[in-house]
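Okay, so here's the structure we're looking at.
In the working numbering, the protein residues as written are 74 to 278.
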């Protein structure tokens, strides 16, 4: 199946749908300037994806999510260095008992969604589908329906458009604002992700 062109002429959701309907296995490579990435398919289902340079390494992703500690990641990275590049960090963490397969699969699914969101935001770029190119050297492959990935990517795009509408520009420096309702309650509860955002608000760019 010959599938290549420019994102200005053919939208990414349409490209993904074409690969899905064909039931093909292979890799869709997407590029623009210094950025690039791949979405891997098996029988029309998405099994893996990454983008460069935006991608968050799997180990760091697990630390941010609170699934492993920084010490566990350092230990796994040290073992990976001894074993060479062929040993994947997720496989090491599984072997060490730091995570289970369900946790690893969830992290990979999040990585796929993040990569898709990044690609969906590109106004232009080139794409090319290479049949039978696989991602079997990765830690773990999942099966994700194309429609679900498209829906998640579009949802995130909509959220960012709302953020831009509210902020006006990402160059603006946020600051903490006092809310009388908080004073009335006397306390406020934040999730781990919310707290990570708050601690970075320091009045500087």
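The C-beta atom is built at its ideal place from N, Cα and C for all residues, glycine as well. Since the model is a prediction, treat every value here as computed from it, not as a measurement.
Residue pairing of residue 193 in beta bridges, as defined by DSSP: absent, with no partner found.
Just so you know, the alpha carbons of residue 272 and residue 132 end up roughly 22 angstroms apart. By the Cβ test, the region 171-178 is not in contact with the region 199-209, since fewer than three Cβ pairs between them sit closer than 8 angstroms. Pairing residue 165 with residue 153 gives a Cβ-Cβ distance under 8 angstroms. By the neighbour-count definition (other C-beta atoms within 10 Å, threshold 16), residue 246 is an exposed residue. In the structure shown, residue 263 adopts coil according to DSSP, grouped into three states.
Residue 182 and residue 224 do not touch by the CB rule: their CB atoms are close to 13 angstroms apart, not below 8 angstroms. Excluding five sequence positions before and after residue 263, the CB atoms of its chain that fall closer than 8 angstroms to its own CB belong to 271, given in chain order.
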